[in-house]
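Here the sequence shown stands for residues 1 to 387, where the numbers follow full-length UniProt numbering.
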Amino acid sequence: MTLSIRENLSSSLSSIFPDEPGLGPVRFFSAPGRVNIIGEHVDYAGGLVFPAAIDFRTNFAVRTNGLGLFRLYSLDFQSELVTKDPIYSEEKPWANYILGVVSEALKLGLRVEGFDLAFTGNIPQGAGLSSSAAVEVGIAFALSKIFSWDITLEKIALLSQAAENHFVGVNCGIMDQFVIAVAKPSTCISLNTESLEYSYHSLDLPGYEFYLIDSQVPHSLKESAYNDRRKEVESATSKCNKISPEVRTLSQANFSLIEKAGLTTNEFKRATHILGERSRAQNVIRSLKDKDAEKVGKELFSCHESLSKNFQVSCEETDFIVEWFRSENVLGARMIGGGFGGCVLVLDKEGRSSSLFSEFEKEYFRKFGLNAKIYKFSISEGVREDP
């Protein structure tokens, strides 16, 4: 955390919630955004995902206040909320990611007393880089420290997911919160989203780079068809389980099973994507180990095609981005995140991104009237306390 961010958070905390007796010391924390290299829309189907934390972060200043109040301030929204109880706020939706964590912690019997919070970040919102999960994991980790919870990083991830599922109302899987909680510098994790077994892998492709193109079409998982997709996956799983009781998740099925399970057209498409993604994830992990960038790129293109046609979570703008970059012979590209907008992940040789983007942004604006953005990123560590 830079000195200027720390000073900004401290001064905001003091000016919005004036210093008074009984306040604890201010402590600083941060949590990253994430990219997922492969394994999209499978983390609620027991699939294998391969995400990494990135060097875009949300920063927090937190202190106990001894008042029995939750006093929250968002620098980015220039908005404050003070409440005694974690009650859903229609007027200030940004606060629900924090109040949801408080609510779930209290359900678990964890100690949560009054605290003051100011936070800000540079994770682009609505870009599919998990800005909301960063807030959830960041505040859960901060509260675990200031209230001395005896809780693992893995449990912090699960608590944060529960806040999103039960309080915010998005029926997301575990991937985002998990990688933000446990990530280490310069590594991806391969995570089995059914067993939660995971391992660290180096992301090293000499001479090649990943970067992001932001479509500037903001996605909102709650307002999108995200929850509908999850329902379709769950209903397909239930039908498969009736035929083969040992199949607990859709990722454990096979094509023979889904063909005879009586799935609807949409359920069959969703299942086809999930089974295909299982193979793609394994291929990407193997190809990264072999440092074979071309094979990784092919799987990214294949993933996007399936997300667009089988899972139907792309949109005209992200499809255009992928096809434009394909026409310029990049190694691979695909939409990432929940979909319906957000970012496209691109893999290409180093040194081409600036000139390519310069051409692309003109074409994109001509077609859609939107100013696309490019984000260069580095692989980062997970949630942390900043000294």
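We put the CB at the ideal spot given by N, CA and C, even for glycine.
Cut-off 7 angstroms between Cβ atoms - residues of its own chain near residue i, not counting five sequence neighbours on either side
{"i": "D214", "result": "P124, A127, C343, A372, K373, Y375"}
{"i": "C188", "result": "I37, F50, P51, A52, H201, L203"}
{"i": "residue 411", "result": "The requested residue 411 does not occur in the structure, where the chain is confined to residues 1 to 387."}
{"i": "S244", "result": "L257"}
{"i": "residue 388", "result": "For the chain, the structure presents residues 1 to 387; residue 388 sits outside this window and is missing."}
Unbroken alpha helix (DSSP H) run spanning residue i, endpoints
{"i": "S302", "result": "293-309"}
{"i": "E323", "result": "316-327"}
{"i": "F56", "result": "Unbroken run through F56 is the beta strand (DSSP E), 51-64; no alpha helix (DSSP H)."}
{"i": "T265", "result": "265-289"}
{"i": "F255", "result": "255-260"}
{"i": "Y226", "result": "226-243"}
{"i": "K362", "result": "353-368"}
{"i": "residue 388", "result": "Nothing about residue 388 can be read from this structure; the chain reaches only from 1 to 387."}
{"i": "residue 462", "result": "Beyond the ends of the chain as shown, which are 1 and 387, falls residue 462; an answer cannot be given."}
{"i": "S4", "result": "3-16"}
{"i": "L106", "result": "96-107"}
When the options are compared against residue i, the one with the closest alpha-carbon
{"i": "S202", "options": "I379, E363, L23, I16", "result": "I379"}
{"i": "V217", "options": "T249, L250, E305, C315", "result": "C315"}
{"i": "P51", "options": "D76, I180, I156", "result": "I180"}
{"i": "L345", "options": "T272, E209, Q312, G24", "result": "E209"}
{"i": "T264", "options": "N310, A281, L288", "result": "N310"}
{"i": "Y198", "options": "G382, V182, L250", "result": "V182"}
{"i": "E328", "options": "M335, F365, S355", "result": "S355"}
{"i": "T193", "options": "V313, E40, E317, E91", "result": "E40"}
{"i": "residue 417", "options": "T120, L110, V313, N122", "result": "The structure shown does not extend to residue 417, since the chain is modelled only from 1 through 387, so no value can be given for it."}
{"i": "residue 393", "options": "S15, G46, D55", "result": "The displayed coordinates of the chain run from 1 to 387. Any statement about residue 393 would go beyond what the structure contains."}
{"i": "G341", "options": "G382, L9, V322, F357", "result": "V322"}
{"i": "K349", "options": "S89, G207, R6", "result": "G207"}
{"i": "G68", "options": "Y226, N59, K84, S74", "result": "K84"}
{"i": "N283", "options": "C303, N266, E267, F268", "result": "C303"}
{"i": "G46", "options": "G369, I274, M1, P245", "result": "I274"}
{"i": "L370", "options": "P245, E317, S358, E381", "result": "E317"}
{"i": "D292", "options": "Y226, K367, Q312, L205", "result": "L205"}
{"i": "I54", "options": "L129, V170, M335, V82", "result": "L129"}
{"i": "D76", "options": "E385, S103, S89, I5", "result": "I5"}
{"i": "M1", "options": "F60, L108, S287", "result": "F60"}
{"i": "Q252", "options": "S195, K295, P185", "result": "S195"}
{"i": "T272", "options": "Q312, S287, Y88", "result": "Q312"}
{"i": "E267", "options": "I156, R326, S235, K295", "result": "S235"}
{"i": "G337", "options": "S131, V383, S186, V82", "result": "S131"}
{"i": "G382", "options": "A281, F368, I156, R326", "result": "I156"}
{"i": "N122", "options": "E80, S74, L108, V112", "result": "S74"}
Same chain only: Cβ atoms within 6 angstroms of residue i, ignoring 5 sequence neighbours per side
{"i": "Q161", "result": "I174, Q177"}
{"i": "G100", "result": "A163, F167, V168"}
{"i": "G332", "result": "G297, L300, F301, L347"}
{"i": "Y44", "result": "G173, R230"}
{"i": "N241", "result": "V247"}
{"i": "T237", "result": "L250"}
{"i": "S353", "result": "Y211"}
{"i": "residue 393", "result": "Look at the range of the chain in this structure, 1 to 387, and you will see that residue 393 is not part of it."}
{"i": "P86", "result": "L99, V102, S103"}
Supposed close pair residue i, residue j - CB separation, criterion 8 angstroms
{"i": "R270", "j": "E232", "result": "5 angstroms"}
{"i": "L13", "j": "A118", "result": "4 angstroms"}
{"i": "D19", "j": "N65", "result": "In fact, because the Cβ distance is near 10 angstroms, the residues do not count as touching under 8 angstroms."}
{"i": "V49", "j": "V42", "result": "6 angstroms"}
{"i": "E154", "j": "Y97", "result": "The Cβ separation is near 20 angstroms, so there is no contact."}
{"i": "F70", "j": "G114", "result": "7 angstroms"}
{"i": "R57", "j": "P93", "result": "So it is not a contact: roughly 21 angstroms between Cβ atoms."}
{"i": "L307", "j": "G339", "result": "7 angstroms"}
{"i": "L159", "j": "A105", "result": "6 angstroms"}
{"i": "W324", "j": "E363", "result": "6 angstroms"}
{"i": "T120", "j": "N8", "result": "7 angstroms"}
{"i": "V227", "j": "N171", "result": "First, the amino acid is wrong: residue 227 is Asn here, not Val. Sure, about 5 angstroms apart at Cβ, within 8 angstroms."}
{"i": "V112", "j": "L143", "result": "6 angstroms"}
Start and end residues, beta strand (DSSP E) containing residue i
{"i": "I213", "result": "208-214"}
{"i": "A333", "result": "332-335"}
{"i": "R34", "result": "27-36"}
{"i": "N192", "result": "187-192"}
{"i": "G121", "result": "115-121"}
{"i": "L72", "result": "70-74"}
{"i": "S79", "result": "79-83"}
{"i": "D176", "result": "Where D176 is concerned, there is no enclosing beta strand (DSSP E), although the alpha helix (DSSP H) it sits in stretches over 175-182."}
{"i": "E90", "result": "Run containing E90: none; DSSP gives neither H nor E here."}
{"i": "R384", "result": "384-386"}
{"i": "I379", "result": "No beta strand (DSSP E) contains I379, which DSSP labels as neither H nor E."}
{"i": "Y44", "result": "Segment: none, Y44 is in no beta strand (DSSP E) and carries neither H nor E."}
Sequence-distant residues of its chain with Cβ nearer than 8 angstroms to residue i (five each side left out)
{"i": "residue 399", "result": "Outside the displayed span of the chain (1 to 387) sits residue 399, for which this structure offers no information."}
{"i": "K184", "result": "Y200, E381, G382"}
Proximity test, Cβ basis, 8 angstroms: residue i and chain B
{"i": "E361", "result": "Among the chains in the structure shown there is no chain B, since it carries only a single protein chain."}
Practice prompt. Could you tell me whether the stretch 19-31 touches the stretch 254-263, using the rule of 3 or more Cβ pairs below 8 angstroms?
Written response: The stretch 19-31, when compared against the stretch 254-263, does not touch it at the 8 angstroms Cβ threshold.
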